[in-house]
Every structure is written in C-alpha cells, then in structure tokens.
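Student:
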Amino acid sequence: MSLEGREIVLGVTGGIAAYKAAALASLLVQRGAGVTAVLTRSSLRFVGAATFAALTGRPVATRTFDSARFPLGAHIELAARADLVVVAPATAGFVAAAAHGTADDLLTTLVLCAECPVIVAPAMNAAMWEKPAVQRNVAQVIADGVRVVEPGSGWLSCRRQGTGRMAEPDQIAAAIEAVLATMPPQPAS
Ligand SMILES: Cc1cc2nc3c(=O)[nH]c(=O)nc-3n(C[C@H](O)[C@H](O)[C@H](O)COP(=O)(O)O)c2cc1C
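Heads up: the sequence shown begins at 9 in this note's numbering, then just goes up one per residue.
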C-alpha cells in the first residue's frame with residue numbers, strides 16, 4: 009500500500025528497541041510518506057539524530073523550544089501538519105505520560121496537541137510490561153483513543169524470554185496503513 013502524500017511524525021523514546029525505529033522510518037519513507045522524527049532526550053542515548061535525518065531526509069526535532077525553526081512551537085507545528093503520529097518504541101515512561109496528559113518534553117507535548125490518530129508501539133522489559141501500573145496506563149491510552157500495537161514475546165535484551173519486544177517495523181507500518189486507509193489525505197498547505 010502507498011503512503012504517498014501522507015505526513016507522519018515518528019516519535020522515538022529511550023528504549024533499546026529505538027534501533028528498530030530506524031527501519032520503520034525507512035519503510036515509511038519507501039512507501040511514500042513524509043516523515044519527521046521526534047527523538048526524546050533518552051532516545052539519543054540509544055540512536056543518533058543523524059541516522060533519522062538521513063533516512064527521512066529531514067532535520068530531526070528534539071527540543072520543545074526551537075523558535076528559529078518552529079516559531080509557533082514545534083509541538084504545534086508538527087502536530088498540525090501530521091496525518092498520524094506513531095511512537096515506536098514507546099517506553100513505560102512515555103505511556104505513563106500519555107495516560108496522564110503530562111507534557112514535559114517535545115514528544116509528550118506534541119501528542120497532547122495531536123488531533124490526528126496516534127499509534128504507540130510499547131517496548132520494555134517483561135517485568136515492566138506485566139506491572140499493573142503499566143497495564144493501567146496502556147488501558148487508559150486505549151480508552152482515550154490511542155491505537156496500541158502490542159509488543160510481542162521472545163528474546164529480550166535483558167537476556168530473558170518474555171513479552172515486551174517491540175512489534176516488528178512491518179507490523180507497525182501495516183497498522184499505520186490500516187488507519188490511514190480510512191482517512192482522506194489532508195489538502196496540501
Ligand atoms: C540500557 C537501557 C535500556 C532501556 N530500555 C528500556 C525499554 O526498553 N523500555 C522502557 O520503557 N524503558 C527502558 N529504559 C529506561 C528509559 O530509558 C527511561 O525510563 C527513560 O527515562 C525514558 O525516557 P523517554 O520515555 O523520555 O524516552 C532503558 C534504560 C536503559 C539504561
């Protein structure tokens with residue numbers, strides 16, 4: 009399926025699965041989407057902005073305050089032009105922030121501003137994923153209209169088997185395509 013003409017914000021948070029977000033960025037670009045990557049401060053400990061800039065062909069957004077590039081606020085400008093926001097991987101911290109409406113960095117603020125569909129692909133250690141607090145937060149974001157691409161089971165970087173692996177990039181891309189297939193493209197601004 010084509011994503012031609014679609015604008016996607018790809019939020020990347022600070023989990024080990026951030027390396028898989030680079031493959032997702034590439035997949036979305038290959039399918040025709042315009043992709044702007046928004047990286048949290050923690051994600052930059054795992055992956056480099058240069059990777060996402062090169063894969064998307066666009067500067068990466070990392071800061072809430074960047075008035076030279078986004079005079080209205082990066083959160084507002086990026087949310088306004090997005091057809092869809094996808095956060096992959098979504099850390100436990102990000103899901104908690106989304107569930108509680110916390111806006112303490114660019115990505116969490118942007119998600120609060122987004123009027124388009126939001127998809128999150130959580131990824132974390134199995135013990136974290138199983139915690140009632142995390143499950144409550146996941147249930148809350150689903151109740152609030154966020155689509156969750158559930159993590160899979162298998163090898164985790166903490167060297168155990170369990171549930172918490174981020175869904176594969178092609179699964180997340182399929183979820184994005186399924187959502188966008190139901191929406192007419194926005195008129196070009
Ligand atoms: C090696 C390492 C791996 C981590 N992997 C994960 C992870 O997979 N999922 C998660 O929720 N947190 C993980 N964390 C913890 C997050 O990086 C931490 O909670 C951070 O504050 C998340 O910030 P962010 O959500 O703003 O990106 C990891 C931390 C380290 C040091």
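Idealized CB from N, CA, C, for every residue including glycine.
Mind pulling the beta strand (DSSP E) runs of 3 or more residues that sit fully within the region 44-105?
Tutor: Those beta strand (DSSP E) runs which fall completely within the region 44-105 and span 3+ residues are 92-98.
Student: Could you compute how far the alpha carbon of residue 78 sits from the alpha carbon of residue 72?
Tutor: Locating residue 78 in the sequence shown gives position 70, where the first residue counts as 1. Locating residue 72 in the sequence shown gives position 64, where the first residue counts as 1. Looking at the two C-alpha atoms, the distance is approximately 9 Å.
Student: With a threshold of 7 Å (Cβ to nearest heavy atom), would residue 133 be considered close to ligand 1?
Tutor: Translated into positions along the sequence shown, residue 133 becomes position 125. At least one heavy atom of ligand 1 is nearer than 7 Å to the Cβ of residue 133, so yes.
Student: Taking Cβ to Cβ, would you say residue 91 is nearer than 8 Å to residue 49?
Tutor: Counting from one through the sequence shown, the residue named residue 91 turns up at place 83. Counting from one through the sequence shown, the residue named residue 49 turns up at place 41. Not closer than 8 Å, so no.
Student: Can you name the residues that DSSP bridges to residue 22?
Tutor: Reading the sequence shown from its first residue, position 14 is the one you call residue 22. Answer is none; residue 22 lacks a bridge partner.
Student: Are residue 107 and residue 143 close, meaning C-beta to C-beta below 8 Å?
Tutor: The residue you call residue 107 lines up with position 99 of the sequence shown. The residue you call residue 143 lines up with position 135 of the sequence shown. Not a contact, by the Cβ cut-off of 8 Å.
Student: What did DSSP end up calling residue 156 once you bin it into helix, strand or coil?
Tutor: Position 148 of the sequence shown, counting from 1, holds the residue named residue 156. In this structure, residue 156 counts as strand in the three-state DSSP scheme.
Student: Under 7 Å from any heavy atom of ligand 1, does the C-beta of residue 161 make it?
Tutor: Taking the first residue of the sequence shown as 1, we reach residue 161 at position 153. No, the beta carbon of residue 161 sits no closer than 7 Å to any heavy atom of ligand 1.
Student: According to DSSP, which residues form a beta bridge with residue 164?
Tutor: Along the sequence shown, one-based indexing puts residue 164 at 156. Residue 164 is bridged to 168.
Student: Between which two residues does the alpha helix (DSSP H) harbouring residue 183 extend?
Tutor: Position 175 of the sequence shown holds residue 183. 177-188 is the extent of the alpha helix (DSSP H) around residue 183.
Student: Does residue 189 have its Cβ less than 8 Å from a Cβ in chain C?
Tutor: Considering every chain present, this structure includes no chain C. It has just one protein chain.
Student: Hey, quick one: how far does the beta strand (DSSP E) through residue 140 stretch, first residue to last?
Tutor: If you number the sequence shown from 1, residue 140 lands on position 132. Residue 140 -> not in any beta strand (DSSP E); alpha helix (DSSP H) instead, spanning 140-151.
Student: So, residue 118 versus residue 83, is the Cβ gap smaller than 8 Å?
Tutor: On the sequence shown, residue 118 is found 110 positions in, with the first residue counted as 1. On the sequence shown, residue 83 is found 75 positions in, with the first residue counted as 1. Going by C-beta atoms, residue 118 is nearer than 8 Å to residue 83.
Student: Any heavy atom of ligand 1 closer than 7 Å to the CB of residue 25?
Tutor: Reading the sequence shown from its first residue, position 17 is the one you call residue 25. True, at least one ligand heavy atom lies under 7 Å from that Cβ.
Student: Starting from residue 124, follow the alpha helix (DSSP H) in both directions and report where the run begins and ends.
Tutor: The sequence position of residue 124 within the sequence shown is 116, counting from 1. Neither: residue 124 is in no alpha helix (DSSP H) and is coded neither H nor E.
Student: Would you check whether ligand 1 has a heavy atom nearer than 7 Å to the C-beta of residue 170?
Tutor: Within the sequence shown, the letter at position 162 stands for residue 170. The answer is no for residue 170.
Student: Less than 8 Å between the beta carbons of residue 39 and residue 193, yes or no?
Tutor: On the sequence shown, position 31 is the one that residue 39 refers to. On the sequence shown, position 185 is the one that residue 193 refers to. No, the Cβ-Cβ distance between residue 39 and residue 193 is not below 8 Å.
Student: Do residue 60 and ligand 1 come close, with the Cβ less than 7 Å from some heavy atom?
Tutor: Counting from 1 along the sequence shown, the entry for residue 60 is found at position 52. No, since every heavy atom of ligand 1 falls outside the 7 Å radius drawn around the Cβ of residue 60.
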